[in-house]
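Novice: Residues 9 to 367 (this note's numbering) are what the sequence shown spells out, left to right. Heads up, the beta-carbon is just placed ideally off N, CA and C, and yes, glycines get one too.
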Amino acid sequence: MTRASTEQRARVEVLRNEADGRPALHESTVRSLHAEVKELPAVWLYDERGSRLYDEITRLPEYYLPRREGEILRARAAAIARRTQARTLIELGAGTAKNIRLLLDGLDTAGALERFVPLDVSEQTLRASAETIAAAYPRVSVEAIVGDFERDLGALPANGRRLIAFLGSTIGNLYPEQRNGFLRTLAAVLARDDAFLVGIDLVKDVARLESAYNDSRGVTELFVRNALTAVNRELGATFDQERFVYEARWDPEHEWMDIGLRARKAHAVSIQHLELDVAFEECEPLRVEISSKFRRERFELEAAKARLQVESWWTDAAGDFAIALVLRDTSAGTKVNSKREETACLQAARSAATSTRSR
Ligand code: TRP
């Protein structure tokens with residue numbers, strides 16, 4: 009190995025390894041399978057095969073999200089660099105997604121960027137993508153962290169102006185209460201000069217939303233079914249793919265895509281390592297993921313509740329997807345805050361009225 013390539017290698021810090029996390033994962037799997045709507049924790053989606061399938065999803069014609077997000081980033085990366093002056097770029101849930109490179113390009117060109125910190129639960133995927141980035145951006149030091157964005161925000165490097173990116177509408181995969189907890193924790197760790205950049209998929213025509221998760225080649229179905237394969241392998245379970253149909257449908261009440269499987273017939277599945285038998289009724293759903301879609305007013309209100317402020321809101325030309333630049337709410341005093349909350353409330357009420365009218 010040459011000296012240059014040694015210098016460009018990524019550093020990887022492991023906050024959580026698989027063996028340490030196993031008891032908690034087993035526990036959350038048991039809890040999810042006992043929930044009112046049975047569910048499998050989404051981590052089961054992202055083994056090596058799952059990560060590869062997800063990568064394929066991001067290239068599907070029906071799955072518009074990454075292209076729309078890329079369009080916005082290409083148009084706004086320079087403005088983001090100017091406004092944030094970020095020296096450290098942190099990416100939460102880094103995975104293999106490519107859009108972060110548009111941001112790296114913008115910040116690197118602006119000249120202030122010193123460090124890139126990708127954080128992901130999957131060590132294997134993270135190591136590979138950290139190496140690729142280190143080789144492509146020789147001026148940037150890559151310090152990857154194997155961790156969980158819901159629990160490890162406090163362990164992120166804290167010196168220098170930071171831009172924390174959360175792309176791909178991954179924020180929509182959290183339940184509302186989880187999202188609220190995440191935003192509050194974020195507000196607590198965000199310094200005055202730091203910024204948060206979040207990719208958000210927007211509420212739109214139901215047919216388009218449903219086709220984004222029901223692609224004609226069936227890649228999304230394979231991705232979701234892979235969770236069963238992973239649980240069979242890792243937990244000694246007896247899930248039989250044939251006994252389930254894939255289903256991804258729009259839930260208008262919660263404004264999220266409900267993604268998972270449905271039992272064709274009543275049957276039981278045993279999960280040896282959890283010492284658990286799970287009975288399914290005919291047609292009973294097994295949820296694997298939710299993917300919430302947002303409206304601007306509602307997101308701003310949620311941010312305000314967590315003491316965060318949406319500084320900029322950019323969408324693609326078609327209005328399918330948004331990127332929000334979010335700062336810590338530094339306005340002091342209750343007066344200003346209550347005024348802001350009132351505004352947000354009125355906005356929420358107005359948007360509810362508009363959507364009722366349009367129904
Ligand atoms: N963040 C992505 C989304 O909500 C994750 C995702 C894409 C996904 N396709 C999926 C999750 C299919 C579960 C099933 O769009």
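Per DSSP, what kind of secondary structure is residue 58 in: helix, strand or coil?
Specialist: In the structure shown, residue 58 sits in a helix (DSSP, three-state: H, G or I).
Novice: Could you tell me which of 54, 25 and 50 sits nearest to residue 268, measuring between CA atoms?
Specialist: Of the candidates 54, 25 and 50, the one whose C-alpha sits nearest the C-alpha of residue 268 is 50.
Novice: Hey, is the region 298-311 in contact with the region 261-280, meaning 3+ C-beta pairs nearer than 8 Å?
Specialist: As far as the Cβ criterion goes, the region 298-311 touches the region 261-280, which means the pair count is three or higher.
Novice: Helix or strand or just coil, what does DSSP make of residue 148?
Specialist: Here residue 148 sits in coil by DSSP.
Novice: Flag residue 324 as yes when its Cβ comes closer than 8 Å to any non-hydrogen atom of the ligand TRP, and as no otherwise.
Specialist: No - the ligand TRP has no heavy atom lying nearer than 8 Å to the Cβ of residue 324.
Novice: Since residue 188 contacts residue 314 with CB under 8 Å, what's their CB separation in whole angstroms?
Specialist: Rounded, the Cβ-Cβ distance is 7 Å, consistent with contact.
Novice: Is residue 229 buried or exposed, if buried means 16 or more other CB atoms sit within 10 Å of its CB?
Specialist: With 16 or more Cβ atoms within 10 Å of its Cβ, residue 229 is classed as buried.
Novice: In or out: residue 224 buried (at least 16 other Cβ within 10 Å) or exposed?
Specialist: With fewer than 16 Cβ atoms within 10 Å of its Cβ, residue 224 is classed as exposed.
Novice: Could you give the C-beta distance for residue 111 and residue 97, rounded to a whole number, given that I count them as a contact under 8 Å?
Specialist: That pair is a contact at about 6 Å.
Novice: Are there 16 or more other CB atoms within 10 angstroms of the CB of residue 162, so buried, or fewer, so exposed?
Specialist: Residue 162 is exposed by the Cβ-count criterion.
Novice: What I want to know is whether the C-beta of residue 228 ends up closer than 8 Å to one or more non-hydrogen atoms of the ligand TRP.
Specialist: Yes - the ligand TRP has a heavy atom lying nearer than 8 Å to the Cβ of residue 228.
Novice: Kindly indicate which three-state DSSP category residue 132 falls into: helix, strand or coil?
Specialist: Residue state, collapsed to three classes: helix.
Novice: With H, G and I counted as helix, E and B as strand and the rest as coil, what does DSSP make of residue 211?
Specialist: Coil, per DSSP.
Novice: What does the Cβ neighbour count give for residue 167, buried or exposed, with the cut at 16 atoms within 10 Å?
Specialist: Its Cβ having fewer than 16 others within 10 Å, residue 167 is exposed.
Novice: Please list the terminal residues of the continuous alpha helix (DSSP H) segment that includes residue 318.
Specialist: No alpha helix (DSSP H) holds residue 318; the beta strand (DSSP E) holding it covers 316-323.
Novice: State the start and end residues of the unbroken beta strand (DSSP E) segment that holds residue 287.
Specialist: Segment 284-288, the beta strand (DSSP E) holding residue 287.
Novice: Tell me whether residue 157 sits in a helix, a strand or coil according to DSSP, three-state version.
Specialist: Residue 157: coil per DSSP, three-state reduction.
Novice: Is residue 164 closer than 9 Å to residue 370 when the C-beta atoms are compared?
Specialist: Residue 370 falls outside the range modelled here, since the chain spans only 9 to 367, and no answer is possible.
Novice: Could you tell me the alpha carbon to alpha carbon distance between residue 214 and residue 258, rounded to whole angstroms?
Specialist: Each residue's Cα considered, the two are about 7 Å apart.
Novice: Do you know how far the Cα of residue 251 is from the Cα of residue 99?
Specialist: Their Cα atoms are separated by approximately 38 Å.
Novice: What does DSSP give as the partner residue(s) for residue 292 in the beta ladder?
Specialist: DSSP, once it has assigned bridges, lists no residue as partnering residue 292.
Novice: How long is the line joining the alpha carbons of residue 249 and residue 233, rounded to whole angstroms?
Specialist: Going from the Cα of residue 249 to the Cα of residue 233 covers about 7 Å.
Novice: In this structure, does DSSP put residue 19 in helix, strand or coil?
Specialist: The answer is strand: DSSP assigns residue 19 an E or B state.
Novice: Looking at the strands, I want to know which residues DSSP matches up with residue 268.
Specialist: According to DSSP, which records beta bridges pairwise, residue 268 is partnered with 255 and 295.
Novice: Return the chain-ordered list of same chain residues with a C-beta closer than 6 Å to the C-beta of residue 255, the five sequence neighbours on each side being excluded.
Specialist: The residues are 270.
Novice: Look up residue 278 in the DSSP assignment and give the residues it is bridged to.
Specialist: Beta-bridge pairing links residue 278 to 285.
Novice: Label residue 28 either buried or exposed according to how many other C-beta atoms from any shown protein chain fall within 10 Å of its C-beta, with 16 as the threshold for buried.
Specialist: It is exposed - the Cβ of residue 28 has fewer than 16 other Cβ atoms within 10 Å.
Novice: Locate the beta strand (DSSP E) running through residue 98, then write down its first and last residues.
Specialist: Here the beta strand (DSSP E) through residue 98 covers 96-100.
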